[in-house]
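Every letter in the sequence shown is one number past the one before it in the numbering used here, and letter 43, counting from 1, is 410.
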Amino acid sequence: MPTIRSLLWIGSGRGLAASGITEAPELDVTWVPDLAEAAKLPRVPFDGVLLEAEDAGTIGSAVARAAAIGREVPVLVCLPPACVEASQAAIAAGAAAVLQLDPEAVRPGFVRAVGDALDSEHERVAARMPQPPIPVNAANSEGAANAAIAGNAASAAFHANAAPAADVSDALPPPFVARSEAMREVAELVAVAASSPSTVLLTGETGAGKEVVARQLHTRSERAALPFVAINCAAFPEALLESELFGHVKGAFTGADRSKPGLFETAGAGTLFLDEIAEMELALQAKLLRVLQEREIRPIGGTRSIPVACRIVAATNRVLQDEVRSGHFREDLYYRLNVFPIRIPPLRERRKDILPLARHFLALHGPREGKQNC
368 MPTIRSLLWI GSGRGLAASG ITEAPELDVT WVPDLAEAAK LPRVPFDGVL LEAEDAGTIG
428 SAVARAAAIG REVPVLVCLP PACVEASQAA IAAGAAAVLQ LDPEAVRPGF VRAVGDALDS
488 EHERVAARMP QPPIPVNAAN SEGAANAAIA GNAASAAFHA NAAPAADVSD ALPPPFVARS
548 EAMREVAELV AVAASSPSTV LLTGETGAGK EVVARQLHTR SERAALPFVA INCAAFPEAL
608 LESELFGHVK GAFTGADRSK PGLFETAGAG TLFLDEIAEM ELALQAKLLR VLQEREIRPI
668 GGTRSIPVAC RIVAATNRVL QDEVRSGHFR EDLYYRLNVF PIRIPPLRER RKDILPLARH
728 FLALHGPREG KQNC
């Protein structure tokens with residue numbers, strides 16, 4: 368269940384259409400053509416404002432006005448390529464990020480760049496806020512104590528946070544809700560897997576919460592301060608997915624006017640989440656298998672191998688054993704990925720989580736609709 372963020376786009380409809388933002392299910396977009404129209408909107412809170420700048424000379428004041436309209440939420444500035452001075456002016460004026468968008472040549476990574484910028488700003492703001500202590504009640508103290516005795520601090524924290532509160536009406540449930548026995552078992556597995564560098568395979572139906580669990584694996588591991596990079600393998604054709612994962616060097620193919628690092632490099636020593644791994648073509652599966660075996664990649668068109676340090680977490684809504692038998696998935700890759708399997712049960716198998724989840728999403732999305740007391 369990815370977090371849905373609300374975004375106010377201020378700028379041309381042509382740029383909005385070229386960006387692909389309106390097709391992204393994780394972004395709820397409101398569009399207005401200019402700052403004057405944006406100022407007329409009801410005072411509904413947004414998670415971010417994207418300003419498609421037209422006049423580089425007034426970009427500083429435009430960023431300030433956009434921030435005021437958005438109630439001081441992050442302002443992302445969208446510029447045509449190669450506007451170096453305008454980019455510097457936007458950052459100096461307080462823009463959280465500057466993104467490039469050429470309507471004549473759509474950038475497939477633009478939606479992801481917007482999501483990453485909003486996530487980074489959200490995490491930066493959250494890091495500045497004081498963190499309340501995690502309450503440990505009688506129902507979960509034994510699990511936390513045992514984990515602490517075993518020397519696994521991450522496991523102890525997980526037990527403390529995942530167990531049900533005494534009264535769910537007293538506080539908002541965390542994004543990872545584990546009130547049911549089925550999800551408590553998942554919590555136990557995540558606590559163990561978080562302290563291990565092993566590759567994790569998450570399985571479960573669409574919407575079961577595989578990315579939520581993947582992020583829990585990351586944030587509760589020693590890699591928490593390092594990047595968490597996610598990609599949906601079903602969203603890219605094979606050639607483009609290979610470029611996204613491995614990167615390419617300048618001149619590798621038509622249109623490659625500059626070198627680009629892939630997500631394996633971008634993740635560094637953090638976590639790379641490969642969602643819908645079963646949708647990957649067989650040829651690319653062979654290359655992924657080599658990465659898992661040799662822990663190195665070679666960008667498209669490159670001659671030099673680059674070491675890989677990230678942890679791989681893969682997810683699928685299919686039964687990979689059936690995919691192997693049908694010849695759609697490599698058996699050797701399956702065993703490389705299935706080192707630490709975790710099945711995420713569907714909501715019908717964890718009915719105790721329904722009410723806490725409903726309250727969480729009401730609190731998350733209610734204010735956006737003008738309902739402050741959800």
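Quick reminder that beta carbons are idealized off the backbone N, C-alpha and C, glycines included.
(request) Closer than 6 Å by C-beta to Ile-679: which residues in its own chain qualify, once you throw out the five before and the five after it? Chain order, please. (result) Thr-566 and Leu-639
(request) May I have a chain-ordered list of the alpha helix (DSSP H) segments no shorter than 4 residues that lie completely inside the region 624-669? (result) 630-634 and 649-661
(request) Taking all protein chains shown into account, decide if Gln-688 is buried (16 or more other Cβ within 10 angstroms of its Cβ) or exposed. (result) exposed
(message) Using a Cβ-Cβ cutoff of less than 6 Å, which residues in the same chain neighbour Ser-536 once the five nearest sequence positions on both sides are dropped?
(response) Any reading at Ser-536 needs caution, since the residue's pLDDT is 28, under 50, leaving its predicted position unreliable; the model's value is listed next. Around Ser-536: no qualifying Cβ.
(request) Select from Val-399, Leu-408, Ile-377 and Gly-382 the residue whose C-alpha is nearest the C-alpha of Gly-737. (result) Leu-408
(request) Name the residue from Leu-417, Glu-589, Glu-572 and Ala-682 whose alpha carbon lies nearest to the alpha carbon of Val-559. (result) Glu-589
(message) Quick check: the Cα distance between Glu-611 and Leu-630, rounded to an integer number of angstroms?
(response) 6 Å
(message) What does the Cβ neighbour count give for Gly-622, buried or exposed, with the cut at 16 atoms within 10 Å?
(response) exposed
(message) On the CB-based measure, 16 or more other CB atoms within 10 Å of its CB, does Ala-617 come out buried or exposed?
(response) The question names Ala, yet the displayed sequence has Lys at residue 617. Exposed, since its Cβ has fewer than 16 Cβ neighbours within 10 Å.
(request) Determine the burial state of Gly-415: buried for a count of at least 16 other Cβ atoms within 10 Å of its Cβ, exposed for fewer. (result) buried
(message) Let's test the definition: count the other Cβ atoms within 10 Å of the Cβ of Ser-693 and tell me whether it reaches 16, buried, or not, exposed.
(response) exposed
(request) Put His-615 into one of helix, strand or coil per three-state DSSP. (result) strand
(request) Go ahead and pull the three-state DSSP assignment for Arg-372. (result) strand
(message) Just list the residues that DSSP pairs Asn-321 with in beta bridges.
(response) Within the shown structure, residues of the chain are numbered from 368 to 741, placing residue 321 beyond reach of any answer.
(message) Is it the case that the region 717-725 contacts the region 543-562, given that we only count it when at least three CB pairs across the two stretches are under 8 Å?
(response) yes
(message) I'd like to know whether the C-beta atoms of His-615 and Ile-667 end up nearer to each other than 8 Å.
(response) yes
(request) Compute the Euclidean distance between the alpha carbons of Glu-552 and Pro-712, then round it to the nearest angstrom. (result) 10 Å
(request) Find out if the Cβ-Cβ distance for the pair Ala-597, Glu-643 is shorter than 8 Å. (result) no
(request) Note the first and the last residue of the continuous beta strand (DSSP E) segment covering Pro-723. (result) Here Pro-723 belongs to no beta strand (DSSP E); instead the alpha helix (DSSP H) covers 721-732.
(message) If I measure Cβ to Cβ from Arg-710 and keep anything under 7 Å in the same chain, skipping five residues before and after, which residues do I get?
(response) Thr-570 and Gly-571
(request) Have a look at Val-706 and Arg-479 and give me their C-alpha separation to the nearest angstrom. (result) 28 Å
(request) Alpha carbon to alpha carbon, how far is Pro-441 from Leu-485? Give it in angstroms, no decimals. (result) 7 Å
(request) Let me know if Gln-652 comes out buried or exposed under the rule of 16 or more other beta-carbons within 10 Å of its beta-carbon. (result) buried
(request) May I ask you to report which of helix, strand or coil DSSP gives Leu-704? (result) helix
(message) Taking the straight line between their C-alpha atoms, what separation do you get for Pro-708 and Ala-384?
(response) 40 Å
(request) Please list, in chain order, all residues of the same chain as Ser-626 whose beta carbon is under 6 Å from its beta carbon, the five residues on each side excluded. (result) Val-616 and Lys-617
(request) Apply the 10 Å Cβ neighbour rule to Ala-523 and answer buried if 16 or more other Cβ atoms are within range, or exposed otherwise. (result) Confidence at Ala-523 is low in this model, with a pLDDT of 37, below 50, so the placement of that residue should be treated as unreliable; the coordinate-derived value is given next. Counting Cβ neighbours within 10 Å, Ala-523 comes out buried, since at least 16 surround it.
(request) Tell me whether Val-465 sits in a helix, a strand or coil according to DSSP, three-state version. (result) strand
(request) Report the three-state DSSP secondary structure of Gly-415 (helix, strand or coil). (result) strand
(message) Please tell me whether Phe-413 and Leu-443 are closer than 8 Å, where the distance is taken between their beta carbons.
(response) no
(message) Suppose contacts are defined by Cβ-Cβ distances below 8 Å. Is Leu-418 in contact with Gly-482 by that definition?
(response) no
(request) Look up Thr-566 in the DSSP assignment and say whether it is helix, strand or coil. (result) coil
(request) Throw me the rounded Cβ distance for the Ile-426 and Ala-391 pair, which I believe falls under 8 Å. (result) Their Cβ separation, rounded to whole angstroms, is 25 Å, which puts Ile-426 and Ala-391 out of contact at 8 Å.
(request) Measure the beta-carbon distance from Gln-583 to Phe-620 and round it to whole angstroms, keeping in mind my assumption that it falls under 8 Å. (result) That belief does not hold up - the Cβ atoms of Gln-583 and Phe-620 are roughly 38 Å apart, past 8 Å.
(request) Look at the alpha carbon of Val-557 and the alpha carbon of Ala-435, and state the distance between them as a whole number of angstroms. (result) 41 Å
(request) Could you tell me the boundaries of the alpha helix (DSSP H) in which Ile-426 lies? (result) 426-436
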